[in-house]
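S.K.: Mind looking over this structure? Questions follow.
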Amino acid sequence: MVAHATTAASSPRRGSLPGSRRAGEGFELPLATAPMEAKLSQRLPEERGAWQYEPKWDGFRCLAFKAGEFVELRAKSGKSLGRYFPEVVAMLRALESERFVIDGELVIEQDRRGGSAGEQLAFDALQMRLHPAESRVRRLARETPAKLIVFDVLALPDGTIVLDRPLVQRRELLETFMAGAAVSGRLAISAATGTLRTAQRWLREAGQGPTDGVVAKRLDDVYRPGERAMVKVKPIRTADCVVGGFRYASRGGEVGSLLLGLYDEHGRLDHVGFTATIPHAQRSALTARLESLRQPPGFTGRAPGGHSRWSTRRSDEWEPLRAQLVVEVRFDQVSGQRFRHGTRLLRWREDKAPRQCTFEQIRAL
C-alpha cells in the first residue's frame, strides 16, 4: 500500500462526536453522515483510465460504524438497521479492528436449491427483516443470514478520516483493511475494475443474479456524502418515488392506482406518473393502509389532474396521502419531467426516505 500524508481535514478524530453512544466513545464520523449516491445514465462513461466500475448490488445500502464495542448500521434514509441485522452487528463487533466506518451493501444470497431463480426473492428476504417483532428478526437472522459487501472506506482503524482522499487511494486502503477483516460468506469486498469491457459484461449479466446494474466512480474523486457524484447504469430504468396519492378502482372500492411523486430542487413534491400494477391479492390490505395515511395536500408542487387531451372525468378524483411511502417502479421514457406511460411496480422501499426521491434520479448525464 502506498503511504499518504495525512491532511488536516483527514486527521484522526476521537472522543465524543455526534452519534456517540456515551461520552468518550464516539464514532469517527457522525451517524448522520449520508452515503454518496449515483445518478442514472443510459450508458457507462468511457474515458480511459478515469473510472472505476463496480457491480451494483441489489440490497440495502449501508454505512457501518464501529467504535470499540459499539456498532451501528445506517440506511440511506438515515434510519438504524442494526436492530434488523443483529448477525451483521455481532460479526463486525467481533472483528479485530476497533474503529472504522465503511460503505457497502447488505445482501441476502438466494438459495437456489429449490430451483427458483431471481434476485427479487433475495431482496424480499431483506424486506422481511423490517419487522417489529424481535423474535422474528432473530429467527430470520439465523435462517437467512445477511452479508455485507463493502466498496468504500470513510474512516480507518487508526481514526484517520479519508473522505478527502481520491477513490484510487481509498480503494488501496480498503483492500488493505479487508485483507485482514474479510469473513467468508459474511463480509467481503466488492469486485472492481478499470476495464470497460469487463464492466459491460457485468451490465449484460445484471438482473440475472445478485446485481442489478453497474456503478462508475471517478478515480480522482473524493467521497461526497449525500451527493449524486457517481454514475449508475441499469438494464432496466427504475426510480424510487413517493406515493403522494391514490385513485380507487372504478369498481369494488379498492385501490386502483398509486400516484407517484418526485421532489424538485425547491423541495416541492411533483406528480410524475402512476402505477396500476398492484397484485390483486394485496389490494384489500393496501387499501386499508393507504386510507389510514390520507392527508392533504399529497403533492405540494404539480398535482394530478388538470386539462389535457388525455384528461377524463376521473382525472381530478384522487386521494392525497402523507409523504411517507416509497416504491420502486420501472419506467420506459421520461417526457416533460413525467413518466410518459404507466410504470410497473417493482417493490416497496421501506429502507428509503421520501426526501431522497428527487428528480436527480432520472436526469441522465
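Position 72 (the sequence shown) corresponds to 71 in my numbering; numbering is contiguous.
Even glycine gets a Cβ: it sits at the ideal position worked out from N, Cα and C.
#1: Between which residues of its own chain and L139 is the CB-CB distance below 7 Å, once the five residues before and five after are set aside?
#2: For K351, is the classification buried or exposed, using 16 other Cβ atoms within 10 angstroms of its Cβ as the cut-off for buried?
#3: Drop a sphere of 10 angstroms on the beta-carbon of Q281, count the other beta-carbons inside from all chains shown, and report buried for 16 or more, exposed for fewer.
#4: Compute the distance between the beta-carbons of G48 and G193, then report whether it is under 8 Å.
#5: By a C-beta neighbour count over all protein chains shown, 10 Å radius and 16 as the cutoff for buried, is M0 buried or exposed?
#6: Which whole-angstrom value describes the C-beta separation of A238 and I361, a residue pair presumed to lie in contact below a C-beta threshold of 8 Å?
#7: The alpha helix (DSSP H) spanning A205 covers which residue range?
#8: Report the option in E174, G244, A181, L162 whose CA atom is closest to the CA atom of E226.
#9: Please check the pair R60 and K75, which I expect to be a contact at CB under 8 Å, by giving their CB distance rounded to whole angstroms.
#10: For G272, is the classification buried or exposed, using 16 other Cβ atoms within 10 angstroms of its Cβ as the cut-off for buried?
#11: Per DSSP, what kind of secondary structure is Y222 in: helix, strand or coil?
#12: Taking Cβ to Cβ, would you say L43 is nearer than 8 Å to A198?
#13: Between G208, F150, R354, which lies nearest to A181 when the distance is taken from Cα to Cα?
#14: Buried or exposed for P388, going by 16 or more other Cβ atoms inside 10 Å?
#15: Buried or exposed: A287, going by 16 or more other Cβ atoms within 10 Å of its Cβ?
#16: Report the three-state DSSP secondary structure of R185 (helix, strand or coil).
#17: What are the complete alpha helix (DSSP H) segments, minimum 4 residues, inside the segment 277 to 310?
M.R.: Checking against the coordinates, here is how it stands:
#1: The beta carbon of L139 sits closer than 7 Å to those of M127, R128, all from its chain and outside the five residues before and after it, given in chain order.
#2: Residue burial annotation: K351 is buried, with at least 16 other C-beta atoms found within 10 angstroms of its C-beta.
#3: Classification of Q281: exposed, given that the 10 Å Cβ count is below 16.
#4: G48 places its beta carbon less than 8 Å from that of G193.
#5: Because M0 carries a pLDDT of 33, less than 50, the predicted location of this residue cannot be relied on, and the following value inherits that uncertainty. M0 is exposed by the Cβ-count criterion.
#6: Sure, about 5 Å apart at Cβ, within 8 Å.
#7: For A205, there is no enclosing alpha helix (DSSP H), as DSSP marks it with neither H nor E.
#8: Answer by Cα proximity: L162.
#9: Going by Cβ atoms, the distance from R60 to K75 rounds to 5 Å, so yes, they are a contact pair.
#10: That one is buried.
#11: Coil at Y222, not helix or strand.
#12: Closer than 8 Å, so yes.
#13: Selection G208, F150, R354 evaluated against A181 yields F150 as nearest (Cα-Cα).
#14: No answer is possible for residue 388: the residues shown for the chain start at 0 and end at 364.
#15: A287 is exposed by the Cβ-count criterion.
#16: Here R185 sits in coil by DSSP.
#17: The alpha helix (DSSP H) runs lying completely inside the segment 277 to 310 and spanning 4 residues or more are 282 to 291, given in chain order.
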